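Peer 1: Residue numbers (the working numbering): 554 to 675.
Shown next as structure tokens:
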């Protein structure tokens, strides 16, 4: 399909902006991440994992949810690339992925929610 002309010229450089408009494929990862963080429980779990690495039982205790519910949310966060896991014996540990997207979303959550990060022990 060819490029369509803009029906109304409002003098805002729409053609130039169109050249920079991300393709759906390019923005799909961001869209998926934001969709996953649209759930308050997943948002809280993601924020928690930005500050520590934890197992399912501890996460469930901290956020006051059942382990199966937490596991479900972790699976979705992991599939969107926002968190990673590692196995130690029989235990799985989760933390935020070391990606620019995850770091930026963490920063955005704290700025928008006016949430203060816990201070790391020095």
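Note that CB positions come from ideal geometry on N, CA and C, so glycine has one too. All of these numbers come straight from a predicted model, not from anything done at the bench.
Using DSSP with H/G/I as helix, E/B as strand and the rest coil, what is residue 576?
Peer 2: coil
Peer 1: For residue 609, which residues of its own chain have a beta-carbon under 8 Å away from its beta-carbon, when the five flanking residues on both sides are left out?
Peer 2: 620, 623, 624, 627, 645 and 647
Peer 1: Enumerate in chain order the residues of its own chain whose CB-to-CB distance from residue 590 is below 7 Å, with the five nearest sequence positions on each side excluded.
Peer 2: 596, 599 and 658
Peer 1: For residue 643, I'd like the list of residues in its chain whose CB is within less than 8 Å of its CB, leaving aside the five on either flank, ordered along the chain.
Peer 2: none
Peer 1: State the Cα-Cα distance for the pair residue 651 and residue 617, rounded to the nearest angstrom.
Peer 2: Between residue 651 and residue 617, the C-alpha separation is close to 26 Å.
Peer 1: For the alpha helix (DSSP H) that contains residue 668, what are its first and last residues?
Peer 2: Premise fails: residue 668 is in no alpha helix (DSSP H) and is neither H nor E.
Peer 1: List the DSSP bridge partners of residue 595.
Peer 2: DSSP output for residue 595 lists no bridge partner at all.
Peer 1: Hey, residue 671 and residue 604 are a contact pair by Cβ (cut 8 Å); roughly how many whole angstroms apart?
Peer 2: 6 Å
Peer 1: Looking only at its own chain, which residues have a Cβ that is under 8 Å from the Cβ of residue 654, when we skip the five neighbours before and after it?
Peer 2: 582, 583, 586, 634 and 635
Peer 1: How many Å lie between residue 570 and residue 578 at the Cα?
Peer 2: A straight line joining the alpha-carbon of residue 570 with that of residue 578 spans about 18 Å.
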